[in-house]
Amino acid sequence: MAIENKLAEFITGVSYKSLGEDVKHEVKRRFIDALGVAYSSIDSPPALKIKKMIGLYPGNAKIIGMGTSSPDYSAFLNSLFIRYMDFNDTYLSLEPLHPSDMFGPLVTLSSIFNKTGKDLITAAAVGYEIGTRLCDSTSLRAKGYDHVNFTEIAMAAALSRLLEFDESQTINAISIALVPHVALRQPRVGDLTMWKAGAAANSARNSVFGTLATLYGFTSPTEPLSGKMGFKNIVAPDIDFSKLEGSKVNGIMRTYVKKYPVEYHAMAAVEASLKLVNDMDLNHTDSIEVYTYEAAVSILADKEKWHPENKETADHSLPFIIASTLVNKDFWVNNYNDIRNKQISELMGKIHVTELKEFTEQYPDKLPIRLEAKCNGKKVESEIEIPRGHYKNPMDDREIESKFVRLTGITDSLKDMWTMEDREVSELV
Numbered sequence: 554m555a556i557e558n559k560l561a562e563f564i565t566g567v568s569y570k571s572l573g574e575d576v577k578h579e580v581k582r583r584f585i586d587a588l589g590v591a592y593s594s595i596d597s598p599p600a601l602k603i604k605k606m607i608g609l610y611p612g613n614a615k616i617i618g619m620g621t622s623s624p625d626y627s628a629f630l631n632s633l634f635i636r637y638m639d640f641n642d643t644y645l646s647l648e649p650l651h652p653s654d655m656f657g658p659l660v661t662l663s664s665i666f667n668k669t670g671k672d673l674i675t676a677a678a679v680g681y682e683i684g685t686r687l688c689d690s691t692s693l694r695a696k697g698y699d700h701v702n703f704t705e706i707a708m709a710a711a712l713s714r715l716l717e718f719d720e721s722q723t724i725n726a727i728s729i730a731l732v733p734h735v736a737l738r739q740p741r742v743g744d745l746t747m748w749k750a751g752a753a754a755n756s757a758r759n760s761v762f763g764t765l766a767t768l769y770g771f772t773s774p775t776e777p778l779s780g781k782m783g784f785k786n787i788v789a790p791d792i793d794f795s796k797l798e799g800s801k802v803n804g805i806m807r808t809y810v811k812k813y814p815v816e817y818h819a820m821a822a823v824e825a826s827l828k829l830v831n832d833m834d835l836n837h838t839d840s841i842e843v844y845t846y847e848a849a850v851s852i853l854a855d856k857e858k859w860h861p862e863n864k865e866t867a868d869h870s871l872p873f874i875i876a877s878t879l880v881n882k883d884f885w886v887n888n889y890n891d892i893r894n895k896q897i898s899e900l901m902g903k904i905h906v907t908e909l910k911e912f913t914e915q916y917p918d919k920l921p922i923r924l925e926a927k928c929n930g931k932k933v934e935s936e937i938e939i940p941r942g943h944y945k946n947p948m949d950d951r952e953i954e955s956k957f958v959r960l961t962g963i964t965d966s967l968k969d970m971w972t973m974e975d976r977e978v979s980e981l982v
């Protein structure tokens, strides 16, 4: 049986009743987390640019925190809201992923087809499962391709389950989403732009279009992954299809929530900085040596990250994140207002980042970082292996709620989201 058929058989076989209670609850936590981040991004600079286009896209698909629009526009904007702050959840394996990006298109089609919380929970659990399995199968980053290729497949799988597609429809929806839209990794390197968040939003748009086109009978290649000119042969020859097989639906339980609004490889850096700051004299700091693993160095410490010019680059800048945390004794969304802060810039100049082989060997099971600062000739240090929010050190429900409230100022909708099963999704956003 072709891998496409195995995936489709799995996707169509998942039901709400078949899900574990822990998985159902975790989906609710991620939905709350994603909505909190989305609400805080509604008036972000990229969102304001795209919102100028809303008059061109009339329709009845819900936009988070706003009105309605066409399905493709709604999906793009919803996922842009969720992704822009770089504050939604993460999965790290051979390839990284931000799986809650998929709540954007799920809200879109749930609103059109009057789907309930139960429907959303089931579809999201499927999407998380497919997304994490794909990330376990190969690295796209190493080949110059973007992780949103996996996001796109997972989104199409989730939407297919949401609309209760059969196996052939599920394969077709994945095919339309993936085949014409293989994404390059260029948005993740050097000086970063709005498309860092737009890439996932575009995947949401593609998956919604592919799902709706499938619903109305438009056909696409049946072997998007395994075919002669499919994903394996053209993009990822080393992809391990065996990683995509299995009957369990628990991938979401291995993903991570963000406590701080930074790229996940910098999460431990924030905690290590907070652990260190009270023992430092920032006015008399001679140097800060940072030891971490290869992925953190290559993603967060290339040359452009030492002089960030915008938020998109700053949230992927290890030196900025460390220096800003030390100066502010906190790291929150308002830290990005300090990109040109003189004290932060001067402190960044004293930071040196080095890959430590033993830390690279521990990744991704652990995300270790060690900071060694010299102040007035005195050495102080801190080390973090697993940051708060990682599935091995999870944030509790109260912390999830606190993050939501701090981002939005909203408290009255939390009860509805915790009891979302029989509510229509459109009532929750």
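The sequence shown: position 264 = 817 (the numbering used here), numbered continuously. We put the CB at the ideal spot given by N, CA and C, even for glycine. Keep in mind that this is a model prediction, so the values were computed, not measured.
Strictly under 7 angstroms for the Cβ-Cβ distance: is residue i near chain C by that measure?
i: T961; result: As a matter of chain content, chain C is missing from the structure shown, which is built from one protein chain.
Classify residue i as buried or exposed, calling it buried when 16 or more other Cβ atoms lie within 10 Å of its own Cβ.
i: V958; result: exposed
i: E717; result: exposed
i: I963; result: exposed
i: T704; result: buried
i: P733; result: exposed
i: R893; result: exposed
i: S571; result: exposed
i: M820; result: buried
i: R714; result: buried
Work out the CA separation of residue j and residue i for me, nearest whole Å.
i: D855; j: G743; result: 7 angstroms
i: M747; j: P599; result: 6 angstroms
i: T961; j: L967; result: 11 angstroms
i: M806; j: P611; result: 38 angstroms
i: A752; j: S568; result: 30 angstroms
i: A757; j: N803; result: 23 angstroms
i: K581; j: D654; result: 14 angstroms
i: L693; j: A789; result: 7 angstroms
i: V906; j: T845; result: 8 angstroms
i: I953; j: G780; result: 42 angstroms
i: K927; j: P652; result: 39 angstroms
i: E980; j: D719; result: 28 angstroms
i: L745; j: I852; result: 11 angstroms
i: T913; j: E816; result: 17 angstroms
i: I635; j: S646; result: 21 angstroms
i: I665; j: E899; result: 52 angstroms
i: K945; j: K919; result: 9 angstroms
i: I937; j: A822; result: 8 angstroms
i: L662; j: K668; result: 8 angstroms
i: H700; j: R738; result: 8 angstroms
i: G799; j: I556; result: 12 angstroms
i: V843; j: T691; result: 29 angstroms
i: L731; j: Y916; result: 29 angstroms
Pick out whichever of the options has its Cα sitting closest to the Cα of residue i.
i: G589; options: N631, T621, I607, D575; result: N631
i: A849; options: P872, E862, P861, N863; result: P872
i: L633; options: L853, I603, T772; result: I603
i: F629; options: D575, N759, H943; result: N759
i: S623; options: D883, F762, M970, A678; result: F762
i: D868; options: T565, M708, S597, M638; result: M638
i: T808; options: T838, T685, F584; result: T685
i: I922; options: Y681, I875, G902; result: I875
From the DSSP output, which residues share a beta bridge with residue i?
i: E977; result: T669
i: L967; result: In DSSP, L967 forms no bridge with anything.
- Item | Unbroken stretches of the beta strand (DSSP E), 3 residues or longer, contained in the stretch 900-949 | 904-908, 922-928, 931-937
- Taking the runs of the alpha helix (DSSP H) that are 4 residues or longer, which of them lie wholly in the stretch 601-665? 624-637, 656-665
- Taking only runs that begin and end inside the stretch 794-875, name each unbroken alpha helix (DSSP H) of 4 or more residues, in chain order. 820-830, 847-853, 864-867
- With a floor of 3 residues, list each beta strand (DSSP E) that falls wholly inside the stretch 661-735, ordered by position along the chain. none
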